[in-house]
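Visitor: Protein sequence lines, in the order shown, are assigned to chains A and B.
Per UniProt numbering, the first sequence starts with residue 1, numbered consecutively.
Per UniProt numbering, the second sequence starts with residue 1, numbered consecutively.
Just so it is clear, CB atoms sit at the ideal spot from N, CA and C, and this is done for glycine as well.
Right, I'll just put the structure down here and ask away after.
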Amino acid sequence: MNPRGLLALVTCAIWSVVATAYPSTADHSAHGSFINRNAPDPLWQKYGLNRSDEFKYFHEPGRDDTLGHYDSRFFQGEPVPDEERSITLTHMIRAYLNFFADNGLETWIAHGTLLGWWWNGKIMPWDWDIDTQVMDTTLLHLADRFNQTVVQYTTTNPAVERRYLLDVNPWARQRDRGMGLNIIDARWIDISTGLYIDITGLSRLQADKPTEWECKNGHKYQTEDIYPLRTSTFEGVTAKVPFRYDAVLTEEYSKNALTATQFHDHTWDPDLEEWVPDEPAAKDDRQYE
Amino acid sequence: MATYHDTESLEYSSDSDDSRFSPHPPSQRIKRYTRPLIDYVRNDWQFSNKYTHPPDEPSDPARCMQLVMSIVTAPRFRRYVVVYLMLVITCTVGWVYFLSPRLEEHAELLRALDPEVKEEVGGWFGTNALPNFDNIVQLGTLDEGLIPTGEKRLIVVGDVQGCKAELDRLLEELLFNPTNDHLVFTGNMISRGPESIDVVELARNYSASCVRGNDEDRVLVLRHDMVEAQTLNDHSTDEYLDGQSTDQAKRERDLARALTDEQADWLDACPVILDLGQVPNLGQVAVVHGGLVPGVELEKQDPYSVMNMLSIDLETHLPSSERDGIRWTKLFNKHQSTTYTTYSGLKNADLEEAKSHTTTVIYGHDSEKSLDITTYTKGIDTGCVRGGELTALVLSENGENLIQVRCNNYLE
Chain A
1 MNPRGLLALV
11 TCAIWSVVAT
21 AYPSTADHSA
31 HGSFINRNAP
41 DPLWQKYGLN
51 RSDEFKYFHE
61 PGRDDTLGHY
71 DSRFFQGEPV
81 PDEERSITLT
91 HMIRAYLNFF
101 ADNGLETWIA
111 HGTLLGWWWN
121 GKIMPWDWDI
131 DTQVMDTTLL
141 HLADRFNQTV
151 VQYTTTNPAV
161 ERRYLLDVNP
171 WARQRDRGMG
181 LNIIDARWID
191 ISTGLYIDIT
201 GLSRLQADKP
211 TEWECKNGHK
221 YQTEDIYPLR
231 TSTFEGVTAK
241 VPFRYDAVLT
251 EEYSKNALTA
261 TQFHDHTWDP
271 DLEEWVPDEP
281 AAKDDRQYE
Chain B
1 MATYHDTESL
11 EYSSDSDDSR
21 FSPHPPSQRI
31 KRYTRPLIDY
41 VRNDWQFSNK
51 YTHPPDEPSD
61 PARCMQLVMS
71 IVTAPRFRRY
81 VVVYLMLVIT
91 CTVGWVYFLS
101 PRLEEHAELL
111 RALDPEVKEE
121 VGGWFGTNAL
131 PNFDNIVQLG
141 TLDEGLIPTG
151 EKRLIVVGDV
161 QGCKAELDRL
171 LEELLFNPTN
181 DHLVFTGNMI
191 SRGPESIDVV
201 ELARNYSASC
211 VRGNDEDRVL
221 VLRHDMVEAQ
231 TLNDHSTDEY
241 LDGQSTDQAK
251 RERDLARALT
261 DEQADWLDAC
271 PVILDLGQVP
281 NLGQVAVVHG
291 GLVPGVELEK
301 QDPYSVMNML
311 SIDLETHLPS
321 SERDGIRWTK
331 LFNKHQSTTY
341 TTYSGLKNAD
351 LEEAKSHTTT
361 VIYGHDSEKS
371 LDITTYTKGI
381 DTGCVRGGEL
391 TALVLSENGE
401 NLIQVRCNNY
411 LE
């Protein structure tokens, strides 16, 4: 291939990545604006969603701590064993963070996942799901351009091959809580097991509070709590975290979340920098290290 | 002659209202009474007011009152009452408002540092593995050659916030000499004031040391995000972002754009904590912007807290950027003085050596509290940008001293 042609192709590729990555101002003005409640409802007009007939989009095989963290459509009938679950979650968040970074999509880790990051940059062993957040501009961009994307994930280890589905809830376009059936705006689902990452979007719903962002589950943040996002590492890959991470965590989980060294039958080992299970078997493991 | 005199004195000592004895000079009376004295005795005296039995009324309350009143109205007594009352009030006020809170605080601080309590509350802040951040340097150390000995001085300057004119005057006041003097900034050199870029240039020219303040942190993290999103030169998203930001955030974006790459890199290299090492007479000295959590190694201090802390939770040692708890300096001082006592109390203790086990913190950030110099914490943000002073803490071989200049108010 002649070099000029190659250059043109590369330039074109870069341009397209940039174009996807940074939505134009027009996109911003369409998505980021406040809701005008008197205007004809675009949910109905454009997407055929009837507010008064909201239905639950994401389903789980059960409601307890185990079954509540699988997506019904991909659940294999039996929960996966602990060890596999942990590996699945790790690959899942790496794939997610890489995909978002590669496509110039802004996201950051939140809730229990952020707490895990604070302690040692890892998922906490007792945590069943992973939580991330995006701004509503990104969320609607995902809905418009990336919905139903299946992402192939491989590592240097040929045995590890996974596929993930990015599934945006149609009710993500309704930015208020509605009937409360669709708190989760989107999911990043491990197709082989049904385990998933919960993606929630933050919106500004009150015109008189232009710096206040909230998710559908009632968590509120100020622009300064989140922005500018800090760049850190989670499970070995680059991840963004809210600017005021300490304040966000203590606000949500109380002061003890950052100080108590015993949680859910695990004890924090400051030398190993790991949460160690309290079972005697686990203590034996430690002695051999 | 002697007997006359005695009689005379007896006469005068008796009550003068005894009318039966005329106040004649005794010499005359004795001349008149020529018969034996017994012949003159009468019983009239029994009816005299003076010798009749007093009526049974002294227990009467009115009489008591009178008695009390007479005591109370006595000038000496009143004076004592006033004095004692003042004393009691002073003691009470002193106890209630000064001594008792001090003792309570002392006990609380000691309890807060008690390792047994740590077990009780389930752990103290600072045991986590430190999160790592791109482009943030956790710890820097000062070149040993810059430690103040002989002519050499270390000049630690509080929050400048872009007040270049004041910084220039301060250096004049200090008779700053770049060959012997080394400048250290406690962070927040930039933002809010008029000439942030020039302050950075001055600091770079003098190869000054610095720590990362909360304002540098925001501007620098923002700048990295802008570089990543390619909005450093592209203003097209500004309007949208302005709608969700405070005015301060807009100014920070302008500042992020105004910094050159070299200036931003220089600021990025300012560590969160600068370890000055062992300074004569002070032991180990660290410079930070906000503060330190006592008992946590410098490497493991949470960077956000170090840049932002004002208060600390006594139970969990969790620092806060709000003013709701006790000031972090109190717990820090108590921890250091306990450490010092432990080492200086040893047999054959060398006080210099004991001091070397302690850490003194020089910090800025708290312009509301303003100048706050204690044994182990030296707060030198005196609110220059809002019309306070710009303060320098000068460390030299002979000890420490403070130099200040007045500032214009740039926030009005």
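1) Just to confirm my understanding: we take Val270 (chain B), look at its own chain, exclude 5 residues before and 5 after, and list those with CB closer than 6 Å. What are they?
2) Just verifying my parser: in three-state terms, what is the DSSP assignment at Gly116 (chain A)?
3) Using a Cβ cut-off of 8 Å, pull out every chain A residue sitting near Arg218 (chain B), in sequence order please.
4) For Phe55 (chain A) versus Asp71 (chain A), is the C-beta distance shorter than 8 Å?
5) Relative to the C-alpha of Val160 (chain B), which candidate in B:Asn188, B:Glu108 and B:Gln278 has its C-alpha closest?
6) Of all the residues that make up the region 244-274 of chain B, which are near chain A by a beta-carbon distance shorter than 8 Å?
7) Given a limit of 8 Å on CB to CB distance, which residues of the region 244-270 of chain A reach chain B?
8) From Ala112 (chain B) to Val272 (chain B), what distance separates their C-alpha atoms?
9) Just mark Phe77 (chain B) as buried or exposed, buried being the case when its beta carbon has 16 or more other beta carbons within 10 Å.
10) Return the chain-ordered ranges of every beta strand (DSSP E) run that is complete within the region 180-219 of chain B and spans a minimum of 3 residues.
11) According to DSSP, is Asp71 (chain A) helix, strand or coil?
12) Measuring only the C-alpha atoms, how far is Pro280 (chain B) from His317 (chain B)?
13) Taking Cβ-Cβ distances below 9 Å as the criterion, which residues of the region 131-142 of chain B are in contact with chain A?
14) To be precise: take each residue of the region 180-198 of chain B, compare its Cβ to all Cβ atoms of chain A, and keep it if any distance is under 9 Å. Which residues remain?
15) Give the residues of chain B in contact with Trp119 (chain A), contact being defined as C-beta atoms less than 7 Å apart.
16) Counting along the chain, where does the beta strand (DSSP E) carrying Thr223 (chain A) start and finish?
17) Is it true that the region 103-114 of chain A meets the region 255-273 of chain A, where meeting means three or more beta-carbon pairs spaced less than 8 Å apart?
18) List the residues that DSSP assigns as beta-bridge partners of Phe146 (chain A).
19) Could you name each continuous alpha helix (DSSP H) segment of 4 residues or more that falls completely within the region 350-389 of chain B, going from the start of the chain to the end?
20) Does the region 224-243 of chain A come close enough to the region 285-303 of chain B to have 3 or more Cβ pairs within less than 8 Å?
21) Hey, does Tyr363 (chain B) have any beta-carbon neighbour from chain A nearer than 8 Å?
22) For Ser29 (chain A), count neighbouring Cβ atoms within 10 angstroms of its own Cβ and tell me buried if that reaches 16, exposed if not.
23) So the beta strand (DSSP E) Val156 (chain B) belongs to, where does it begin and stop?
24) According to DSSP, which residues form a beta bridge with Phe263 (chain A)?
25) Taking the alpha carbon of Asp131 (chain A) as the reference point, which residue from A:Gln262, A:Leu202, A:Glu212 and A:Thr156 has its own alpha carbon closest?
26) What residue from A:Gln262, A:Phe263 and A:Met135 has the CA that sits closest to Leu205 (chain A)'s CA?
27) Would you be able to state if there are at least three C-beta pairs under 8 Å between the region 232-240 of chain A and the region 84-95 of chain A?
28) Run through chain A and tell me which residues come within less than 8 Å of His335 (chain B), C-beta to C-beta.
29) Does Ser232 (chain A) get closer than 8 Å to chain B when you measure Cβ to Cβ?
30) Please report the distance separating the alpha-carbon of Glu161 (chain A) from that of Arg85 (chain A).
31) Can you tell me which of the three DSSP states Gly140 (chain B) falls into?
32) Counting only Cβ pairs nearer than 9 Å, list the residues of chain B close to Pro210 (chain A).
33) Compare the C-beta of Glu78 (chain A) against all C-beta atoms of chain B and say whether one is closer than 8 Å.
34) So with Cβ pairs under 8 Å, would you call Arg145 (chain A) a contact of chain B?
35) Counting only the same chain and skipping the five closest in sequence on each side, list residues whose C-beta sits under 6 Å from that of Tyr153 (chain A).
36) Could you give the uninterrupted runs of the alpha helix (DSSP H) lying entirely in the UniProt domain "LicD/FKTN/FKRP nucleotidyltransferase" (102-209) of chain A, keeping only those of 4 residues or more?
Guide: Well, looking at it:
1) Rather than Val, the amino acid found at residue 270 (chain B) in this sequence is Cys. If we look at Cys270 (chain B) and ignore the five residues flanking it on each side, its Cβ neighbours are Cys210, Val211 and Arg212.
2) helix
3) Pro228 and Phe243
4) no
5) B:Asn188
6) Gln244, Ser245, Thr246 and Ala249
7) Arg244, Tyr245, Asp246, Ala247, Thr250, Lys255, Asn256, Leu258, Thr259, Ala260, Thr261, Gln262, Trp268 and Pro270
8) 26 Å
9) exposed
10) 181-185
11) coil
12) 30 Å
13) Pro131, Asn132, Phe133, Asp134, Asn135 and Ile136
14) none
15) Asn128 and Ala129
16) Note, Thr223 (chain A): premise wrong, no beta strand (DSSP E); alpha helix (DSSP H) at Thr223 to Ile226.
17) no
18) Answer by DSSP bridge pairing: none, since Phe146 (chain A) is not bridged.
19) 351-356
20) no
21) no
22) Here the model assigns Ser29 (chain A) a pLDDT of 43, short of 50, so the residue's position is not dependable, and the following value carries that caveat. By the neighbour-count rule (16 or more Cβ atoms within 10 Å), Ser29 (chain A) is not buried but exposed.
23) Arg153 to Val157
24) A:His266
25) A:Leu202
26) A:Met135
27) yes
28) None at all; the shortest Cβ gap to chain A is about 17 Å.
29) yes
30) 15 Å
31) strand
32) Gly243, Gln244 and Ser245
33) no
34) no
35) Ala95 and Arg162
36) 111-120 and 136-141
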